[in-house]
Amino acid sequence: EDKVVQSPLSLVVHEGDTVTLNCSYEVTNFRSLLWYKQEKKAPTFLFMLTSSGIEKKSGRLSSILDKKELFSILNITATQTGDSAIYLCAVVPSRGSTLGRLYFGRGTQLTVWP
Amino acid sequence: ETGVTQSPTHLIKTRGQQVTLRCSSQSGHNTVSWYQQALGQGPQFIFQYYREEENGRGNFPPRFSGLQFPNYSSELNVNALELDDSALYLCASSLLGAPDTEAFFGQGTRLTVV
Numbered sequence: 078e079d080k081v082v083q084s085p086l087s088l089v090v091h092e093g094d095t096v097t098l099n100c101s102y103e104v105t106n107f108r109s110l111l112w113y114k115q116e117k118k119a120p121t122f123l124f125m126l127t128s129s130g131i132e133k134k135s136g137r138l139s140s141i142l143d144k145k146e147l148f149s150i151l152n153i154t155a156t157q158t159g160d161s162a163i164y165l166c167a168v169v170p171s172r173g174s175t176l177g178r179l180y181f182g183r184g185t186q187l188t189v190w191p
Numbered sequence: 010e011t012g013v014t015q016s017p018t019h020l021i022k023t024r025g026q027q028v029t030l031r032c033s034s035q036s037g038h039n040t041v042s043w044y045q046q047a048l049g050q051g052p053q054f055i056f057q058y059y060r061e062e063e064n065g066r067g068n069f070p071p072r073f074s075g076l077q078f079p080n081y082s083s084e085l086n087v088n089a090l091e092l093d094d095s096a097l098y099l100c101a102s103s104l105l106g107a108p109d110t111e112a113f114f115g116q117g118t119r120l121t122v123v
């Protein structure tokens, strides 16, 4: 059964801290891995990763994928209170299976205190 | 903010009733997927519609049904509502056949069944 596991499920830090969120997966015919930020309702897209070892960066956020060990990490440096949200990891199977279906983990609830 | 809109934003229904949720996809997107997100969980795939036909289904009973219209908008219908159907229902639009691309989510409909 296809599975995506995120850890930790919850994390509380202070502004300025650096955090690392983890996502491991077991998906048949892996195609890509997506990270989303969910503040209230709509998950908003952060990164798409398809190749191992290539870091994606956007400001203080960065992410990398390891297709051999089947995991990804999302790093946030110099955290701010606005980073407080649920961070979701989702995996997309390859074409030939249900196209476009995302397998989500449970998410990591990040709380950043001032 | 994405171009995906959902209505209504909130809804309260009684057990046994039926509900219809609506989603307008982002301009240029031809595929709509529906997800159910229970409290504390990641979104779970319900089904996907492409060219007005169901194009994959998750582990949901037949009382969850849908439609896609020629303008690519979509409806999710749930019959015989149960208390466990209380959740955030998310609609995501994407472009099938395009190179790897992210799915864009709407703001969701919060359904409460009492």
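Those protein sequences? They're chains A and B, same order as listed. For the first sequence, my numbering begins at 78 and goes up steadily by one. For the second sequence, my numbering begins at 10 and goes up steadily by one. Just so you know, even glycine gets a beta-carbon here, dropped at the ideal spot from N, CA and C. None of the values given here were measured: they were computed from a predicted structure.
* Asked: At which residues does the beta strand (DSSP E) containing Gln1 (chain B) begin and terminate?
  -> No answer is possible for residue 1 (chain B): the residues shown for chain B start at 10 and end at 123.
* Asked: Gln116 (chain B) and Gln15 (chain B): beta carbons closer than 7 Å?
  -> By one-based count along the second sequence, residue 116 (chain B) stands at place 107. By one-based count along the second sequence, residue 15 (chain B) stands at place 6. Yes; because the gap between Cβ atoms is below 7 Å, this pair is in contact.
* **Chain-ordered chain B contacts of Phe181 (chain A) [CB-CB under 7 Å]** => The sequence position of residue 181 (chain A) within the first sequence is 104, counting from 1. Annotation: Cβ neighbours of Phe181 (chain A) in chain B (cutoff 7 Å, chain order): Gly51 and Pro52.
* Asked: Looking at Gln35 (chain B) and Ser102 (chain B), is the spacing between their C-beta atoms short of 7 Å?
  -> By 1-based counting over the second sequence, the position of residue 102 (chain B) is 93. By 1-based counting over the second sequence, the position of residue 35 (chain B) is 26. The Cβ atoms of Ser102 (chain B) and Gln35 (chain B) sit closer than 7 Å to each other.
* **Beta-carbon neighbours of Pro120 (chain A), restricted to chain B and to distances below 8 Å** => Working through the first sequence from its first residue, we reach residue 120 (chain A) at position 43. Neighbours of Pro120 (chain A) in chain B, taken as residues at a C-beta separation under 8 Å, are given in chain order as Pro52, Leu99 and Phe114.
* For the beta strand (DSSP E) holding Ser87 (chain A), just list the boundary residues, first then last. => By one-based count along the first sequence, residue 87 (chain A) stands at place 10. In the DSSP assignment, Ser87 (chain A) falls within the unbroken beta strand (DSSP E) covering Ser87 to His91.
* **Neighbouring residues, chain B, relative to Gly184 (chain A) (Cβ below 7 Å)** => Locating residue 184 (chain A) in the first sequence gives position 107, counting from the first residue. Under a criterion of Cβ atoms nearer than 7 Å, the residues of chain B adjacent to Gly184 (chain A) are, in order, Gly51.
* Asked: How is Thr18 (chain B) classed by DSSP in three states: helix, strand or coil?
  -> Stepping through the second sequence from its first residue, residue 18 (chain B) is reached at position 9. Residue state for Thr18 (chain B) is assigned as coil, using DSSP reduced to three classes.
* **Limits of the beta strand (DSSP E) - the one that Gln83 (chain A) falls within** => By 1-based counting over the first sequence, the position of residue 83 (chain A) is 6. Per DSSP, Gln83 (chain A) belongs to the beta strand (DSSP E) from Lys80 to Ser84.
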